[in-house]
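Below: the structure, in structure tokens.
Residue numbers (this note's numbering), protein chains in the order written: chain A, 1 to 107; chain B, 1001 to 1114.
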């Protein structure tokens, strides 16, 4: 069965800490997405990765296709980073979502 | 920017009521999706549509139906709401022909069934 495993499920951090969220998948893929969902509910796309690393501000996403693993890092975390982070892979008609990591950053 | 608009952010309904959740997208996308999101279960696909008047069942279609009479609008219908349908409902759209799997989501509709 095609699956995505995300860890941790919940994460609490102090402001300024370095955050890592992990995503492992069971079959070969061409691209993986990281999504962010704020408490209001809407989901936005952060990254689409097919290899290597991407950086946007304090967010860094890496992927190792051979090891079927991706990580999302947040440097110098801030309370406004508090959200649910979701990894997703697949193509149209067959999208697999991780269950999400709920991040709370305390001031 | 792509905009996906869901008609209601919060709804409270009673068991047995008929519920309509509306979703409109303004970027002429062919593909539209309805998901529900529950704690510990993540996003689960209810129904999707690749074209007007076309619909396909997702992973959990039971208790739901959909309607796509116009390209920009995809409606989710709960014929007789039940308490186990209390959830966050998310609509999404994407253009056809893309293999990247990128979706554009609405803000979500949080439904409570009493």
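Every residue, glycine too, gets a C-beta built ideally from N, C-alpha and C.
Could you list which residues in chain A have their beta carbon closer than 8 Å to that of residue 1110 of chain B, in chain order?
Contact of residue 1110 of chain B with chain A by beta-carbon distance below 8 Å involves 41.
Does the CB of residue 57 of chain A have a neighbour CB from chain B at under 7 Å?
Chain B contact via Cβ: absent.
Please classify residue 72 of chain A as buried or exposed, where buried requires at least 16 other C-beta atoms within 10 Å of its C-beta.
buried
If you pair each beta-carbon of the segment 7–24 of chain A with each one of the segment 37–52 of chain A, do three or more pairs fall below 8 Å?
no
Could you tell me which chain A residues have their CB closer than 9 Å to the CB of residue 1041 of chain B, listed as they occur along the chain?
99
Report back the beta-carbon spacing between residue 22 of chain A and residue 102 of chain A to the nearest angstrom; my notes put them in contact at under 8 Å.
Wrong, their Cβ atoms sit about 14 Å apart, outside the cutoff.
To the nearest whole angstrom, what separates the beta carbons of residue 1061 of chain B and residue 1050 of chain B, a pair I think is in contact under 8 Å?
Not confirmed; about 15 Å, so no contact.
Note the first and the last residue of the continuous beta strand (DSSP E) segment covering residue 1005 of chain B.
1004–1006
Compare the Cα-Cα distances from residue 1092 of chain B to each of B:1024, B:1019 and B:1067 and report the closest residue.
B:1024
Buried or exposed: which applies to residue 1020 of chain B, given that a residue is buried once 16 or more other Cβ atoms fall within 10 Å of its Cβ?
exposed
Does any residue of chain A bring its CB to less than 7 Å from the CB of residue 1069 of chain B?
no
Would you mind giving the Cβ-Cβ distance between residue 90 of chain A and residue 5 of chain A, rounded to the nearest angstrom? I have them listed as a contact below 8 Å.
15 Å between Cβ atoms; not a contact.
Please name the residues in the segment 1059–1092 of chain B whose beta-carbon is closer than 9 Å to at least one beta-carbon of chain A, in chain order.
When C-beta distances to chain A are compared with 9 Å, the residues of the segment 1059–1092 of chain B below that value are 1088, 1090 and 1092, in chain order.
Which residues in chain A have a C-beta closer than 7 Å to the C-beta of residue 1107 of chain B? List them in chain order.
40, 41 and 42
Which whole-angstrom value describes the C-beta separation of residue 1086 of chain B and residue 1066 of chain B, a residue pair presumed to lie in contact below a C-beta threshold of 8 Å?
Rounded, the Cβ-Cβ distance is 19 Å, inconsistent with contact.
On the premise that residue 1053 of chain B lies in contact with residue 1069 of chain B, defined as a C-beta separation below 8 Å, what is that separation, rounded to the nearest angstrom?
7 Å
In three-state DSSP terms, what is residue 1083 of chain B?
Looking at residue 1083 of chain B - three-state DSSP - the assignment turns out to be helix.
Keeping to the same chain, check which residues put their C-beta closer than 7 Å to that of residue 1037 of chain B; ignore five residues upstream and five downstream.
1043, 1087, 1088 and 1090
Buried or exposed: residue 32 of chain A, going by 16 or more other Cβ atoms within 10 Å of its Cβ?
buried
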